[in-house]
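So the protein lines, in turn, are chains H and X.
Last residue of the first sequence: number 1775 in the working numbering, and the count goes up by one each step with no gaps.
Last residue of the second sequence: number 1775 in the working numbering, and the count goes up by one each step with no gaps.
We put the CB at the ideal spot given by N, CA and C, even for glycine.
These numbers come from a predicted model, not from an experiment.
Below is one structure, written out as structure tokens, with a few remarks after it.
Protein chains: 2
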Amino acid sequence: MASRAKATILDIAREAGVSKSTVSLVLQGSGLIRPETATKVRKAIEDVGYVYNRGAANLRKAHSNVIGMVINDLTNPFFAELAVGMERVFQAAGVVPFIANTAENPVRQEEVLKSLMEQGVAGLIVSPARGTSPGTFRRIETAGVPIVFTMRRLPDSRIPVIAPDNHRGAVLAAEHLIRRGHRRLAFFGGSSDLVVYQERLGGFLEACETLGIPAPDRLIVEGETNRKGGMACLETAFAVPQPPTAALCFNDAVAFGVMLALRKRGLEAGADFAVVGFDDVAEAEHYSPALTSVAVDTAGLGERAAHVMLKMIQSRTTRAENHIGAVSLVVRESSGPDRNSQVGDAA
Amino acid sequence: MASRAKATILDIAREAGVSKSTVSLVLQGSGLIRPETATKVRKAIEDVGYVYNRGAANLRKAHSNVIGMVINDLTNPFFAELAVGMERVFQAAGVVPFIANTAENPVRQEEVLKSLMEQGVAGLIVSPARGTSPGTFRRIETAGVPIVFTMRRLPDSRIPVIAPDNHRGAVLAAEHLIRRGHRRLAFFGGSSDLVVYQERLGGFLEACETLGIPAPDRLIVEGETNRKGGMACLETAFAVPQPPTAALCFNDAVAFGVMLALRKRGLEAGADFAVVGFDDVAEAEHYSPALTSVAVDTAGLGERAAHVMLKMIQSRTTRAENHIGAVSLVVRESSGPDRNSQVGDAA
DNA sequence: CGCTATAAATGGAACGTTCCAATAAATCAA
DNA sequence: TTGATTTATTGGAACGTTCCATTTATAGCG
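Set out below in structure tokens:
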């Protein structure tokens, strides 16, 4: 049953008894064609089983209708939520997003970007992998293809960024812990080569500073940004002479890992050790105990990024404003008061 | 900085002082070109910032190097794990997988498939959305583009399927529950329009049959295949006169929902009600209590699907064998014995 | 030296669209 | 009727590659 040679616009022109130009016009939904002719052509398309060759079309057209979404870790549900938000917007605009996973690997990322560019994408939405080299996006920029970073940014690039207010989120979270009476605080997970890390850690430190937690009482443990990393962080923290009683985690995945490690030690998050996450993925609410986390309006950021991208494509510019999304702390069960402190507030 | 007109193969030919054919040969890594010439050309490519136009190339070449991965629910970590397995294989073969999400929506699926076809994919790996109409893949088949289904299949299509042994997995799980002394069993989540559902439910019923659980003691509750659906299932089940004491869930997401609903009622999975999931996603092991689940070797199935696809492309056939992957039951904490039964085995 | 064999490089015709300029047909005004 | 205007349709030249058939340069051999 393998088909004969693929049908082209000429085949269906012959079939319908019109010229290829007419067929092309029908395909583009032009109003110049007499309705009867159009239906005749559409029938031929159906009969022949023709499939439009967008590659050929793009050879002539200025812009393609596909944009690339390059994501550093698809297994993190956070990014899936982000992707869902974007897709809604793109679908409405007749743009097709192709998602590619870099698995946090800069080499893989280069390959993926190259492929996407070769495919002629109209734009790129990227959450860059860790260790992305500064020059990675140079050539894409000079090719005039619009790029938007989401969630993550590169140290000194001028590419627009759509991200949550990481600093503010971390301040809120740290203040919350301190108000609950905790005096020895930790920051768990992430590594200093990520700008996001610097922002979140910066907020954490600032809150400590203003609310009077001295440097010796602050413990910073870098680590992988997943469950495993979180577990390792907690072990490290409990090995120091004066362990912390609460931790702000780089993201929710790390927080889940911390809670798991706690349970392995027979301790309970909230009662024995306070933990706060970042991102507020769907799972946070359902976890046990439910995870206190910094909500970043993931889907909203995704939609925002998509809108910015569409506008850039439309106005054929490679510049756009950054967008820093508002954040809020969602207090749940995992961040109980310090048990040895009288200062903890009730709720 | 917006670039001038895109550089083409001719521009770099001029720059390097060779013909376009030579450049093309270099691009393809042909051995016919003198090494010095090749480096000269490569330098020109670098200088000019040329990007290869794969669309134009595909106009002449038989096959493209991109395959489409169409997935019904990217937010289910199970599919992310599956995608990761495939990517490993494709990357090694120089094939670029583009992932598209259908969000379990047949209309969206049609759009996505159309786009992918127009883009000229060499093949399609699909986990079809619920309610996919039988004709959806007809035209793709007749176009000669190889398709592989993963995890799900369509009622009577002849498209090859790579999936776990759902029937066997369900039998193992149900037997396990019955051996633990449970006598009133439920099957939670999913709906009968999915073939996978029929297979898993079929296994469940068969085990009940052979181990002597009569029909009145079997409760079947259909529902969404996510946490929310699982929660709803448990509520429904507890509303009947003689509620079940154990449940096999359509997948892990449903199982997590069930455990959550149990906790809301002050009950604990394992001690008060046994729950078994299906898929054994990474999270199952880390959950609290850890979830007993049917492991399906997700990444392995992904790799398998990718290999089958590559072979189909290579041999330009649209036919291939089905592959039913082995399954195993991973017993953890969530499936304790029936507390009112003397028959439960220890461990 | 001439001749052939091999190696390296090249021109030109596709590939399947779009879009402009041109044509053909239908309508209208005078 | 004729010419002007509008409405539908059409041919042909791009677009950026590949690949075949050639051409040109280089080497090998007697």
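| task | Would you tell me roughly how many angstroms separate the C-alpha atoms of X:Leu1719 and X:Ser1763, rounded to the nearest one? | result | Between X:Leu1719 and X:Ser1763, the C-alpha separation is close to 8 angstroms.
| task | For H:Val1479, go through chain X and note every residue whose CB falls closer than 7 angstroms to its CB, in chain order. | result | Within chain X, the residues near H:Val1479 are Met1545, Glu1546 and Ala1571.
| said: For a contact defined as C-beta to C-beta under 7 angstroms, what are the partners of X:Glu1515 on chain H? | reply: Within 7 angstroms Cβ-Cβ: Asn1529.
| Candidates X:Leu1729, X:Val1709 and X:Arg1611, of which the one nearest X:Gly1753 by Cα | With distances taken between Cα atoms, X:Gly1753 lies closest to X:Leu1729.
| request: If I'm right that H:Val1703 touches H:Ala1683 with Cβ under 8 angstroms, what's the distance once you round it to whole angstroms? | output: The pair is a contact, with the Cβ atoms about 5 angstroms apart (cut-off 8 angstroms).
| For H:Met1587, the three-state DSSP class (helix, strand or coil) | Contrary to the premise, residue 1587 of chain H reads as Ile rather than Met in this sequence. Here H:Ile1587 sits in coil by DSSP.
| task | Name, please, each residue of chain X whose Cβ falls closer than 7 angstroms to the Cβ of H:His1491. | result | Near H:His1491 there are no residues of chain X at all, since even the closest Cβ is about 12 angstroms away, more than 7 angstroms.
| request: Mind reading off the beta-carbon distance from H:Gly1651 to H:Gly1617? Whole number of angstroms is fine, and I expect it under 8 angstroms. | output: The beta-carbon separation of H:Gly1651 and H:Gly1617, rounded to 5 angstroms, stays under the 8 angstroms limit for a contact.
| field | Neighbourhood of H:Arg1611 by C-beta distance below 8 angstroms, restricted to the same chain and skipping five residues each side | value | Excluding positions up to five away in sequence, the list reads Ile1641, Asp1645, Thr1673, Asp1766 and Ser1769.
| Does DSSP classify H:Thr1720 as helix, strand or coil? | Note: H:Thr1720 maps to strand in three-state DSSP.
| task | Tell me whether H:Ala1789 is buried or exposed, calling it buried when 16 or more other Cβ atoms sit within 10 Å of its Cβ. | result | The shown model of chain H, from 1429 to 1775, leaves out residue 1789 of chain H, and the question about it has no answer.
| message | Check whether the region 1744-1751 of chain X and the region 1557-1576 of chain X are in contact - that is, three or more C-beta pairs closer than 8 angstroms. | response | In this structure the region 1744-1751 of chain X touches the region 1557-1576 of chain X; the number of beta carbon pairs closer than 8 angstroms is three or more.
| Residues, ordered as in the chain, of the region 1710-1721 of chain H that lie near chain X by beta-carbon distance below 9 angstroms | Residues of the region 1710-1721 of chain H that bring their beta carbon within less than 9 angstroms of a beta carbon in chain X comprise Ala1710, Glu1711, His1714, Tyr1715 and Ser1716, in sequence order.
| message | Starting from X:Ala1674, trace the beta strand (DSSP E) in both directions and tell me its first and last residue. | response | First-last of the beta strand (DSSP E) with X:Ala1674: Ala1674 to Cys1677.
| request: State yes or no: is the beta carbon of X:Glu1761 nearer than 8 angstroms to at least one beta carbon in chain H? | output: Taking Cβ atoms only, chain H never reaches closer than 8 angstroms to X:Glu1761, which makes this a no.
| field | Test: H:Phe1616 CB closer than 8 angstroms to a CB of chain X | value | Not closer than 8 angstroms to any Cβ of chain X, the Cβ of H:Phe1616 fails to qualify, so no.
| query | Using a C-beta cutoff of 8 angstroms, does X:Glu1532 count as contacting chain H? | reply | It does not: the Cβ of X:Glu1532 has no partner Cβ on chain H nearer than 8 angstroms.
| said: Does the CB of X:Pro1505 have a neighbour CB from chain H at under 8 angstroms? | reply: Cβ-Cβ to chain H under 8 angstroms: yes for X:Pro1505.
| task | Could you pull the start and end residues of the alpha helix (DSSP H) that H:Leu1544 belongs to? | result | First-last of the alpha helix (DSSP H) with H:Leu1544: Pro1534 to Glu1546.
| said: Need the endpoints of the alpha helix (DSSP H) that X:Ala1520 sits in, please. | reply: Where X:Ala1520 is concerned, the enclosing alpha helix (DSSP H) stretches over Pro1505 to Ala1520.
| message | With the cut-off set at 8 angstroms, would you say H:Gly1685 and H:Arg1655 are in Cβ contact? | response | The criterion of a C-beta distance shorter than 8 angstroms is satisfied by H:Gly1685 and H:Arg1655.
| Mind pulling the chain X residues with CB within less than 8 angstroms of H:Ala1511? | By Cβ distance, chain X contributes Leu1502 and Asn1529.
| request: Take every Cβ of the region 1512-1524 of chain X, pair it with every Cβ of the region 1475-1491 of chain X, and state whether three or more of those distances are shorter than 8 angstroms. | output: Because the criterion of three Cβ pairs below 8 angstroms is not met, the region 1512-1524 of chain X and the region 1475-1491 of chain X do not touch.
| field | Minimum Cβ-Cβ distance from X:Ala1774 to chain H less than 8 angstroms | value | With a pLDDT of 43 at X:Ala1774, under the threshold of 50, the modelled position of that residue is not reliable, and the figure given next carries that caveat. With 8 angstroms as the cut-off, X:Ala1774 does not count as an interface residue toward chain H.
| query | What residue range is occupied by the uninterrupted alpha helix (DSSP H) comprising H:Pro1525? | reply | Counting along the chain, H:Pro1525 falls outside any alpha helix (DSSP H), though it belongs to the beta strand (DSSP E) covering Val1524 to Asn1529.
| field | Among X:Ala1435, X:Val1549 and X:Arg1581, nearest to X:Asn1500 - alpha-carbon criterion | value | For the residues X:Ala1435, X:Val1549 and X:Arg1581, the minimum Cα distance to X:Asn1500 belongs to X:Arg1581.
| query | Going along chain X, which residues have a C-beta under 8 angstroms from H:Arg1567? | reply | Neighbours of H:Arg1567 across chain X, judged by C-beta separation under 8 angstroms: Gly1477 and Val1479.
| query | By DSSP, does X:Thr1578 sit in helix, in strand, or in coil? | reply | Three-state DSSP puts X:Thr1578 in a strand.
| task | Using the DSSP secondary-structure output, state which residues sit across from H:Ser1449 in a beta bridge. | result | Looking at the DSSP assignment, H:Ser1449 forms no beta bridge with any residue, so it has no partner.
| message | With H, G and I counted as helix, E and B as strand and the rest as coil, what does DSSP make of X:Ala1635? | response | Of the three classes helix, strand and coil, the one that applies to X:Ala1635 here is helix, per DSSP.
| Out of curiosity, what's the CA-to-CA distance linking H:Met1659 and H:Leu1600? | Using only the alpha carbons, I get a separation of about 24 angstroms.
| request: Pull up the CB-CB distance for H:Val1589 and H:Leu1552, whole angstroms please, since I reckon it's below 8 angstroms. | output: For a cut-off of 8 angstroms, the C-beta gap from H:Val1589 to H:Leu1552 is around 13 angstroms, too long to register as a contact.
| Thinking C-beta only, is H:Asp1707 closer than 8 angstroms to H:Asn1679? | Against a cut-off of 8 angstroms, the Cβ pair of H:Asp1707 and H:Asn1679 comes out as a contact.
| Classification of X:Gln1456 by the beta-carbon crowding that lies within 10 angstroms, buried from 16 upward | Classification for X:Gln1456: exposed.
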